[in-house]
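In what follows, a structure is listed as structure tokens, so that the remarks can point back to it.
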Amino acid sequence: MGITERIDAVTLVCGERMRIDPPAPRSVKIELTGRCNYRCGFCALRTREHQPKGDMSFDLFKRITTEMRVAGVEEIGCFYLGESSMAPNLLVDAVRWCKGLGFPYVFLTTNGSLMTPQLMRGVMSAGLDSLKFSMNAADDEQFERVMGVKAGLFNKAIFNLKAARAVREELGAKCGIYASSIKYDGEQQQKMEDFLSEHVLPFVDEHYWLPLYSMGSLATQREKELGYRPTAGNQGRLDALREPLPCWSAFTEGHVTADGILSACCFDADSRWGMGDLKKQGFMAAWNSEKFKALRAAHLKKDVSGTVCEACVAYS
Numbered sequence: 110m111g112i113t114e115r116i117d118a119v120t121l122v123c124g125e126r127m128r129i130d131p132p133a134p135r136s137v138k139i140e141l142t143g144r145c146n147y148r149c150g151f152c153a154l155r156t157r158e159h160q161p162k163g164d165m166s167f168d169l170f171k172r173i174t175t176e177m178r179v180a181g182v183e184e185i186g187c188f189y190l191g192e193s194s195m196a197p198n199l200l201v202d203a204v205r206w207c208k209g210l211g212f213p214y215v216f217l218t219t220n221g222s223l224m225t226p227q228l229m230r231g232v233m234s235a236g237l238d239s240l241k242f243s244m245n246a247a248d249d250e251q252f253e254r255v256m257g258v259k260a261g262l263f264n265k266a267i268f269n270l271k272a273a274r275a276v277r278e279e280l281g282a283k284c285g286i287y288a289s290s291i292k293y294d295g296e297q298q299q300k301m302e303d304f305l306s307e308h309v310l311p312f313v314d315e316h317y318w319l320p321l322y323s324m325g326s327l328a329t330q331r332e333k334e335l336g337y338r339p340t341a342g343n344q345g346r347l348d349a350l351r352e353p354l355p356c357w358s359a360f361t362e363g364h365v366t367a368d369g370i371l372s373a374c375c376f377d378a379d380s381r382w383g384m385g386d387l388k389k390q391g392f393m394a395a396w397n398s399e400k401f402k403a404l405r406a407a408h409l410k411k412d413v414s415g416t417v418c419e420a421c422v423a424y425s
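Just add 109 to wherever you are in the sequence shown, counting from 1, and you've got the numbering used here.
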């Protein structure tokens, strides 16, 4: 199964998942660190009043992933909002632990700038099944303007992406190598396509497009400053967009912050969508907490007025 098939399977809310107390999600993303070396203008991470400096406790990670596997979770993303390559040792240990627990699919998304060949050897040797690079700028100027950091990181990301296939062949690993990009408008889109044709597509197994997400309305002001028009909420990848309500994020995929909060939103940078504290309760208790069930009930009615989701651009 390719990466886009897996994504589409997660973003589809149907059958037994169309209820306020669904079974364990197929997939869970866990934030190993809240830190990031980029300052992307469209990212909800930038809204955090105090940018996090710590990483998730490995003991907590081991406990909650054990509970997830027992509950039936099949896929673990060793990332959420932060850039996991900023905690390289924890990242490698987390991948190895998850594969040891028997998770069929362990995946990672990275901005690529710190995903060096050495770190790739570590995660691939640990059993990583999928490595995806987010490539969202066409040149140095756009990178510095949108990502808010020096272009040197852009060039490092390109170098690392191009090295990934050679590392995989060296190790005889089975890790898929992928890339995604935000789809812009007009001239900028043509620049992106030219960049991808030269620097990305020849080096990955699959590439797909994403809309410019609204990040749960958290980054709206910065998006306006940059001149971008976000889509409603998170409707999945561009070629398989889902309806905003019910939002799949609350039904089919778990999201855990570095400090152990289970969130109902894939863009929850400040835990306002927090549904449970996994430091204090089990995963399934939080997944079907009364708070979470009440929110899902509103989504199933397609009326989220009065809920934490009300302010999302998807419903305005």
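All C-beta atoms in this analysis are idealised placements derived from N, C-alpha and C, irrespective of residue type, glycine included. Here the structure is a predicted model, which means the values were calculated and not measured.
Inter-residue CB distance, residue i and residue j (contact presumed, cutoff 8 angstroms)
i	j	result
L354	V413	7 angstroms
D377	H364	7 angstroms
G221	F242	4 angstroms
D436	A349	In the structure as shown, the chain begins at 110 and stops at 425. Residue 436 is therefore absent and cannot be evaluated.
F188	L141	7 angstroms
A235	V182	About 19 angstroms separates the two Cβ atoms, so there is no contact after all.
F392	I139	Actually they do not touch by this definition, with Cβ atoms about 11 angstroms apart.
Check whether residue i and residue j have beta carbons under 7 angstroms apart
i	j	result
V201	V215	no
V122	T361	yes
V119	R144	no
V309	I286	no
L319	R346	yes
T219	S194	yes
C284	L237	yes
D130	K402	yes
M233	L280	yes
A395	L371	yes
G81	K388	Any property of residue 81 remains undetermined from this structure, which presents the chain solely from 110 to 425.
A266	K300	no
According to DSSP, residues forming a beta bridge with residue i
i	result
T142	D164
V365	I139 and L371
K400	The partner list for K400 (beta bridge, DSSP) is empty, contrary to what the question assumes.
G383	S372
A288	F242 and H316
I129	According to DSSP, which records beta bridges pairwise, I129 is partnered with nothing at all.
G186	K138 and F216
Boundaries of the alpha helix (DSSP H) in which residue i is found, first to last residue
i	result
E219	Per the sequence presented here, residue 219 reads as Thr, with Glu not at that position. Segment Y214 to T219 is the beta strand (DSSP E) holding T219; no alpha helix (DSSP H) there.
G295	G295 to H308
G231	P226 to A235
K389	Where K389 is concerned, there is no enclosing alpha helix (DSSP H), given that its DSSP letter is neither H nor E.
C207	P197 to L210
L270	G261 to L280
Per-residue burial, residue i [other beta carbons within 10 Å of its own, 16 or more giving buried]
i	result
M384	buried
R254	exposed
A275	exposed
S358	buried
P213	exposed
M177	buried
E192	buried
V137	buried
N397	buried
N198	exposed
Q344	buried
G295	exposed
E184	buried
S306	exposed
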